[in-house]
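Protein chains in written order, with our numbering: chain Y, 6 to 220; chain G, 4 to 256.
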Amino acid sequence: MSEKKESLFSKKNRKLLKDPLNDNNPVTTQVLGICSALAITVQLKPAIVMALSVLVVLSVANVVVSLMRNLIPSRIRIIVQLVVIATLVILVDQVLKAFVYDVSKELSVFVGLIITNCIIMGRLEAFALGNKPWKSFLDGLGNAFGYGWILIAVAFFRELLGAGTLFGYPVLEKLGLYEMGYENNGMMILPPMALVTVGIIIWIQRMKNRDLIES
Amino acid sequence: MDANKNSYTFSFAAVMVVLVATLLSVAAISLKPFQDKNVEAEKKQNILTTLGIEVSREDAAKVYKEKITSSYVLNSEGTVVDGDAFTVDLGVELKKPVDQQVFPVFEGEKNGQKSYILPMRGKGLWGPIWGYLALEEDMSTISGAVFDHKSETPGLGAEISLGWFQEPFIGKTIFEGKEFKSITVVKGGAKEDDMHGVDGISGGTITSDGVSDMLDERLSKYLPFFNQKLSEMIEADTVVVDSLQALTLNTIK
Numbered sequence: 006m007s008e009k010k011e012s013l014f015s016k017k018n019r020k021l022l023k024d025p026l027n028d029n030n031p032v033t034t035q036v037l038g039i040c041s042a043l044a045i046t047v048q049l050k051p052a053i054v055m056a057l058s059v060l061v062v063l064s065v066a067n068v069v070v071s072l073m074r075n076l077i078p079s080r081i082r083i084i085v086q087l088v089v090i091a092t093l094v095i096l097v098d099q100v101l102k103a104f105v106y107d108v109s110k111e112l113s114v115f116v117g118l119i120i121t122n123c124i125i126m127g128r129l130e131a132f133a134l135g136n137k138p139w140k141s142f143l144d145g146l147g148n149a150f151g152y153g154w155i156l157i158a159v160a161f162f163r164e165l166l167g168a169g170t171l172f173g174y175p176v177l178e179k180l181g182l183y184e185m186g187y188e189n190n191g192m193m194i195l196p197p198m199a200l201v202t203v204g205i206i207i208w209i210q211r212m213k214n215r216d217l218i219e220s
Numbered sequence: 004m005d006a007n008k009n010s011y012t013f014s015f016a017a018v019m020v021v022l023v024a025t026l027l028s029v030a031a032i033s034l035k036p037f038q039d040k041n042v043e044a045e046k047k048q049n050i051l052t053t054l055g056i057e058v059s060r061e062d063a064a065k066v067y068k069e070k071i072t073s074s075y076v077l078n079s080e081g082t083v084v085d086g087d088a089f090t091v092d093l094g095v096e097l098k099k100p101v102d103q104q105v106f107p108v109f110e111g112e113k114n115g116q117k118s119y120i121l122p123m124r125g126k127g128l129w130g131p132i133w134g135y136l137a138l139e140e141d142m143s144t145i146s147g148a149v150f151d152h153k154s155e156t157p158g159l160g161a162e163i164s165l166g167w168f169q170e171p172f173i174g175k176t177i178f179e180g181k182e183f184k185s186i187t188v189v190k191g192g193a194k195e196d197d198m199h200g201v202d203g204i205s206g207g208t209i210t211s212d213g214v215s216d217m218l219d220e221r222l223s224k225y226l227p228f229f230n231q232k233l234s235e236m237i238e239a240d241t242v243v244v245d246s247l248q249a250l251t252l253n254t255i256k
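Right under this line is the structure:
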């Protein structure tokens, strides 16, 4: 090999991990994966489970597609990507059902949502098809973290303001806020408020990072 | 090899499909026994929970044997017929006409208190919901309730599987005197003195209504059984009273 071997965590590779967390966040900048961000951010726990499942599926799918990138016929590449994702998700689900039944019950609904999450297909198409496995793996991790932290942030506010709890623990009740006349905002539980919350996060992000504002 | 040729595309697709299909079927078949074991243990665990007994899934089978004293299936007239209550699949039963359905009953005991545990099944928002309801010997007071679901929305409808939703059922009654009332899940919260209502789930109205419908539909099918048990109880009481009277008379003599 003539080219100099790149170190595993070179500056470029670190950028792959770091960029999706803020500047190139899949949810707030690319506006992908909104559907699942609406559906499962009512409480923190499912949001975290979803974030972890996407982390596993996205990084593994990225590596698999990257390994096959020179074999995949370009005309059916989207279908191939879909098959890879679906296979992974079903396999994971089956294994969980057999050995960690409780986790699988927590996940059951998300399986379908993971397959249809456009972040995953987006990364396979935009990155894994043209890059080596290690880089694809980092890209997968980075994007999953970028997706995950938004999900968890939204779920934090929705659960706290909508139900007055965090991880099911009645925080506001313990603080004695209800006695002072505070009431939960039931609207936070409904899906539209997830969009508004994501909107507020995007607003704050663009206030801090002016480069993201379109001219 | 030219990756753009039709023949390549077709063979790639064919190989991929066969590989993936094999992989998935092998995984599904080899994992099935483990999954079935989990489902069975969970069912036992759920039945025990309605009795107020919390067990881990590993111990469920053992405790189930001890605490569930008997189980049988009824026909639509409330008479006991042949069959194993535990293996009855309500999903299949519900599709049959009522007079061909069978209705499982489990009898359990905790601290000398006898309970009748009836399995439930109905429709939620996205898929089936099910559960178990334990009734005291008066056939009206609920002593335990467990609900579960296949695919209700987490944080909304899925809350029916949580304690805060299930606990208020305990102590409610499904009869008002002789009249069958079932239990209704009330949107916006049930009144405190409502003996036949529990609080609904904000944002989970369709699932809550599903629970109400399920309870009403299933419990109403057990009415012949309830009546039969009640009349047996009244008879038993009269026998006791009679023998007491006889005893007193004898002593006086």
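Each residue gets a CB set at the ideal place from its N, CA and C atoms; glycine is no exception.
Classification of residue i by the beta-carbon crowding that lies within 10 angstroms, buried from 16 upward
{"i": "Thr257(G)", "result": "Here chain G has residues from 4 to 256 only, and residue 257(G) is not among them."}
{"i": "Tyr183(Y)", "result": "exposed"}
{"i": "Lys194(G)", "result": "exposed"}
{"i": "Met185(Y)", "result": "exposed"}
{"i": "Val201(G)", "result": "buried"}
{"i": "Gly204(Y)", "result": "exposed"}
{"i": "Ser234(G)", "result": "exposed"}
{"i": "Asp216(Y)", "result": "exposed"}
{"i": "Ala131(Y)", "result": "exposed"}
{"i": "Gly206(G)", "result": "buried"}
{"i": "Val76(G)", "result": "buried"}
{"i": "Asp144(Y)", "result": "buried"}
{"i": "Trp148(Y)", "result": "Per the sequence shown, the amino acid found at residue 148(Y) is Asn instead of Trp. So Asn148(Y) counts as buried."}
{"i": "Gly191(G)", "result": "exposed"}
{"i": "Leu159(G)", "result": "buried"}
{"i": "Ala161(G)", "result": "buried"}
{"i": "Tyr225(G)", "result": "buried"}
{"i": "Asp240(G)", "result": "exposed"}
{"i": "Ala17(G)", "result": "exposed"}
{"i": "Arg244(Y)", "result": "Look at the range of chain Y in this structure, 6 to 220, and you will see that residue 244(Y) is not part of it."}
{"i": "Ile45(Y)", "result": "buried"}
{"i": "Gln169(G)", "result": "buried"}
{"i": "Ala133(Y)", "result": "buried"}
{"i": "Ile119(Y)", "result": "buried"}
{"i": "Thr92(Y)", "result": "buried"}
{"i": "Gly127(G)", "result": "buried"}
{"i": "Thr210(G)", "result": "buried"}
{"i": "Ile145(G)", "result": "buried"}
Sheet register partners of residue i (DSSP bridge)
{"i": "Leu77(G)", "result": "Val83(G), Phe106(G)"}
{"i": "Val188(G)", "result": "Val201(G)"}
{"i": "Trp154(Y)", "result": "Answer is none; Trp154(Y) lacks a bridge partner."}
{"i": "Val151(G)", "result": "Per the sequence shown, residue 151(G) should be read as Asp rather than Val. Its beta-bridge partners are Trp133(G)."}
{"i": "Glu130(Y)", "result": "None; Glu130(Y) has no bridge partner."}
{"i": "Ser118(G)", "result": "Gly111(G)"}
{"i": "Met198(Y)", "result": "Its beta-bridge partners do not exist; DSSP assigns none."}
{"i": "Ile71(G)", "result": "Gly111(G)"}
{"i": "Gly123(G)", "result": "According to the sequence provided, residue 123(G) is Met. The question's Gly does not apply to it. Per DSSP, Gly134(G)."}
C-beta contact flag for residue i and residue j at 8 Å
{"i": "Val101(G)", "j": "Ser79(G)", "result": "yes"}
{"i": "Asn49(G)", "j": "Tyr106(Y)", "result": "no"}
{"i": "Ile155(Y)", "j": "Leu63(Y)", "result": "no"}
{"i": "Trp133(G)", "j": "Asp151(G)", "result": "yes"}
{"i": "Thr208(G)", "j": "Pro78(Y)", "result": "no"}
{"i": "Ala44(G)", "j": "Ala31(G)", "result": "no"}
{"i": "Leu43(Y)", "j": "Cys123(Y)", "result": "no"}
{"i": "Met19(G)", "j": "Val88(Y)", "result": "yes"}
{"i": "Lys222(G)", "j": "Ile173(G)", "result": "For clarity, residue 222(G) is Leu in the given sequence; the question names Lys instead. Contact flag unset, no."}
{"i": "Lys46(G)", "j": "Ile56(G)", "result": "no"}
Interface residues of chain G facing residue i [CB-CB closer than 8 Å]
{"i": "Leu129(Y)", "result": "Those within 8 Å of Leu129(Y) in chain G number zero; the least Cβ separation is about 15 Å."}
{"i": "Ile194(Y)", "result": "Gly158, Leu159, Ser205, Gly206"}
{"i": "Phe104(Y)", "result": "Phe37"}
{"i": "Pro51(Y)", "result": "Pro157, Gly158"}
Chain Y residues whose Cβ lies nearer than 7 Å to that of residue i
{"i": "Val23(G)", "result": "Val88, Thr92"}
{"i": "Ala30(G)", "result": "Leu96, Gln99"}
{"i": "Ala16(G)", "result": "Ile81"}
Proximity test, residue i beta-carbon vs the ligand SAH heavy atom, cut-off 7 Å
{"i": "Thr90(G)", "result": "The ligand SAH is absent from the structure shown, which contains no ligands of any kind."}
Cross-chain neighbours of residue i in chain G, by beta carbon under 7 Å
{"i": "Val85(Y)", "result": "Met19"}
Interface residues of chain Y facing residue i [CB-CB closer than 9 Å]
{"i": "Tyr11(G)", "result": "Pro78"}
{"i": "Leu34(G)", "result": "Gln99, Val100, Lys102, Ala103, Phe104"}
{"i": "Asn7(G)", "result": "Pro78, Ser79, Arg80"}
Amino acids of chain Y, ordered along the chain, whose beta-carbon sits closer than 8 Å to that of residue i
{"i": "Leu26(G)", "result": "Thr92, Leu96"}
Inset, instruction - May I ask you to list, following chain order, the residues of the stretch 28–49 of chain Y that have a beta carbon less than 9 Å from some beta carbon of chain G? - result: Residues of the stretch 28–49 of chain Y with a C-beta atom less than 9 Å from some C-beta of chain G are Ala44, Ile45, Thr46, Val47, Gln48, listed in chain order.
Legend entry - Residues, ordered as in the chain, of the stretch 181–192 of chain Y that lie near chain G by beta-carbon distance below 7 Å: Correct list: Gly191.
Inset, instruction - For the stretch 152–168 of chain Y, enumerate the residues whose C-beta is nearer than 9 Å to any C-beta of chain G, in chain order. - result: Interface annotation for the stretch 152–168 of chain Y against chain G: Ala160, Arg163, Glu164, Gly167, Ala168, criterion Cβ-Cβ distance under 9 Å.
Inset, instruction - Taking a Cβ distance cut-off of 9 Å, strictly less, list which residues of the stretch 41–63 of chain G are near chain Y, in chain order. - result: Correct list: Asn41, Val42, Ala44, Glu45, Arg60.
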